[in-house]
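Working notes, beginning with the structure itself.
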Amino acid sequence: MAARTRLPLQTLIAEAQSLGFCAVGITEPHEVDASEWQRHEEWLEGGFAADMDYLRQNKDLRQNPRLLFPGAQSMIVTAVNYYPARRQQGDARFAFYAYGADYHWVIKEYLGRLSSWIEQTLVPEGFEYSARAFTDSAPLMERYWAVEAGIGFVGRNQLLIVPGVGSYVLLGTLITNLPVEYLTEAGNDVSRQSMRLSCGSCQRCREACPSGALCEGYVDARRCISYQTIENRTDSIPSEVAQKLGGRVYGCDACQEACPWNVRFARPTSIPEFKPLDDFLTLSREEIENMGSGDFKRLFGHSAVKRAGLKGLKRNVRSSKD
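Residue numbers -17 to 304, in this note's numbering, belong to the letters of the sequence shown in order.
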């Protein structure tokens, strides 16, 4: 197997950034740290995950990505900025990540482009390269691996914070059978500066959370507006959360809007697929109440909002008026 000239990690980072990623790091797959896994289990056992039963499944795969992708030798963890250039003017409020196209297919498309570049540039001759892209679509502890790859740290609101970027990011991971040493001449030489950062004594996210969902070290999904307006499949939202919606009909960004990292560093995304439709930006709750399936498909057919569905959106509008 003839080796190609190995490139510094910065070359890979530069290519990823040219494709649209705002951060990238590399780590070797291994079992999730025992203390981190225990914390995850305590979160589930404490009922903080509400009825998201899928988080209780495939624990062996979630704990060890080598089982998820046999032959895995490296994990390339990426982040994409989704902060919008324009905000909604209507009284129906959506989380910023849902403004444009569904991030699942957008990030997988971008990871595919990065994988093709790696195959063409870094893979040794005669090596049978394989890779698989993941983005919130498999039992993979994405924030944990982002920290392992050195691209950020987990804030008090349990979201990944990328230094110099903030937390308005979506994560994607490319797991490959290419050893780390072929991705960078110095092996895993990702800067660990971000792993030494923390929120310190700042409590602004907890103070800003309308429904008190942020516990120390956990998010209580039962009280979380994002969970209740997206994942909750029942016909109603608990009254103690409904009265805190404040016009939110899909998700919530309160903890992020209060975060000093975002106040200082958040900049509009350069990803064209995340650009919202003009009709979306002026959408009102009344329009949602009167919306038919045709208009829903036009506005949200390629959006993450389809996860809640038209029925879910209408329920959220009704709940915000109760």
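All C-beta atoms, glycine included, are put in the ideal place defined by N, C-alpha and C.
Checklist entry - Hey, quick one: how far does the beta strand (DSSP E) through residue 5 stretch, first residue to last? => result 5 to 9
Item to check | CA nearest to the CA of residue -5, picked from 50, 59 and 18 | outcome: 59
Checklist entry - How close, in whole Å, do the beta carbons of residue 11 and residue 133 come, if the pair is a contact with beta carbons under 8 angstroms? => result At roughly 16 angstroms, the Cβ-Cβ gap does not stay under 8 angstroms, so residue 11 and residue 133 are not in contact.
Checklist entry - Quick one, are the C-beta atoms of residue 4 and residue 61 less than 8 angstroms apart? => result yes
Checklist entry - Going along the chain, which residues of its own chain have a beta-carbon closer than 7 angstroms to the beta-carbon of residue 67, five neighbours each way excluded? => result 250
Checklist entry - Taking DSSP as the reference, what is the three-state secondary structure of residue 110? => result coil
Item to check | Exposure label - residue 226; buried when at least 16 CB within 10 Å | outcome: buried
Item to check | Neighbourhood of residue 281 by C-beta, 7 angstroms cutoff - its chain only, sequence neighbours within 5 removed | outcome: 259, 261 and 262
Next on the checklist: Quick check on the DSSP output: the beta strand (DSSP E) that includes residue 129 runs from which residue to which?
Outcome noted: Run containing residue 129: none in the beta strand (DSSP E); it sits in the alpha helix (DSSP H), 124 to 130.
Next on the checklist: If distances are taken between C-alpha atoms only, which option among 297, 257, 286 and 109 comes closest to residue 273?
Outcome noted: 297
Item to check | Boundaries of the beta strand (DSSP E) in which residue 230 is found, first to last residue | outcome: 230 to 232
Next on the checklist: Please tell me whether residue 30 and residue 233 are closer than 8 angstroms, where the distance is taken between their beta carbons.
Outcome noted: no
Checklist entry - DSSP puts residue 75 in a beta bridge; with which residues? => result 230
Item to check | As assigned by DSSP and simplified to three states, the class of residue 51 | outcome: coil
Item to check | Where residue -2 falls: helix, strand or coil (DSSP) | outcome: helix
Next on the checklist: By the three-class DSSP mapping on this structure, what secondary structure does residue 190 have?
Outcome noted: helix
Checklist entry - Identify the residues that DSSP records as bridge partners of residue 61: which are they? => result 5 and 153
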